[in-house]
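J.:
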């Protein structure tokens, strides 16, 4: 049974501007340590797209969970990885008190981007 859906569209230029103003510190507030390592390994010119995709994904997931970002649930309480086929895989922080009330679920995530925007769509099934 579907328990939640979420979608987010992120302007890559907005992320680029934030990176220029705040440097990698901005990325470290959104990405968990493993994601941040991936971010550091990406060519600098591609970092805004990388971060915009993660930002959109995390916003979409938080909407699907019904928590939103900032109500006891933050960007670093989840991470997005890829399996051997390149599909996005979501890992939730089991220590987060908001997530501790979440029943076991399956999270489906799709992420896409072009030069100017990144989009993510999330469906949660219990």
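Residue numbers (the numbering used here): 316 to 441. The C-beta atom is built at its ideal place from N, Cα and C for all residues, glycine as well.
My output table needs one value for residue 441: the three-state DSSP class, helix, strand or coil.
T.: As a working note, residue 441 is residue 126 in the chain shown. If DSSP states are grouped into helix, strand and coil, residue 441 belongs with coil.
J.: Could you tell me which uninterrupted beta strand (DSSP E) segments, each at least 3 residues in length, are contained entirely in the stretch 316-394, listed from first to last along the chain?
T.: Complete beta strand (DSSP E) runs here, min 3: 317-326.
J.: To the nearest whole angstrom, what separates the beta carbons of residue 433 and residue 425, a pair I think is in contact under 8 Å?
T.: For this step, residue 433 is matched to residue 118 along the chain shown. For this step, residue 425 is matched to residue 110 along the chain shown. About 11 Å; that fails the 8 Å criterion.
J.: Cutting at 7 Å between CB atoms, please list the residues of its own chain near residue 369, excluding the five before and the five after it.
T.: Looking up residue 369 in the chain shown gives position 54. The answer, listed in chain order, is 345, 346, 350 and 395.
J.: Buried or exposed, going by whether 16 or more other CB atoms sit within 10 Å of the CB of residue 355?
T.: Indexing the chain shown from 1 puts residue 355 at position 40. Classification of residue 355: exposed, given that the 10 Å Cβ count is below 16.
J.: With which residues is residue 421 paired in a DSSP beta bridge?
T.: By 1-based counting over the chain shown, the position of residue 421 is 106. In the DSSP output, where bridge partners are listed per residue, residue 421 has 440.
J.: Comparing alpha-carbon positions, which option in 374, 415, 405 and 416 lies nearest residue 325?
T.: Here the question's residue 325 lines up with position 10 in the chain shown. Nearest of 374, 415, 405 and 416 to residue 325, Cα basis: 374.
J.: Measuring only the C-alpha atoms, how far is residue 422 from residue 365?
T.: In the chain shown, residue 422 corresponds to position 107, counting from 1. In the chain shown, residue 365 corresponds to position 50, counting from 1. Approximately 20 Å between the Cα atoms of the pair.
J.: Does the ligand HEM have even one heavy atom less than 7 Å from the beta-carbon of residue 344?
T.: Absent from the structure shown: the ligand HEM. Ligands present: none.
J.: In its own chain, which residues sit with a C-beta less than 6 Å from the C-beta of residue 392, not counting the 5 before and 5 after it?
T.: The residue labelled residue 392 in the question sits at position 77 within the chain shown. Correct list, in chain order: 408 and 411.
J.: On a Cα-Cα basis, can you pick out the residue from 372, 384 and 330 that is closest to residue 404?
T.: Against the chain shown, residue 404 aligns to sequence position 89. That would be 372, whose Cα lies nearest to the Cα of residue 404.
J.: Find the nearest neighbour of residue 320 within the set 388, 377, 397 and 419, judged by alpha-carbon distance.
T.: Reading the chain shown from its first residue, position 5 is the one you call residue 320. Looking at the Cα atoms, 377 is the closest of the given residues.
J.: From the DSSP output, in three-state form, read off residue 447 for me.
T.: This structure cannot settle anything about residue 447, because the visible part of the chain is limited to 316 through 441.
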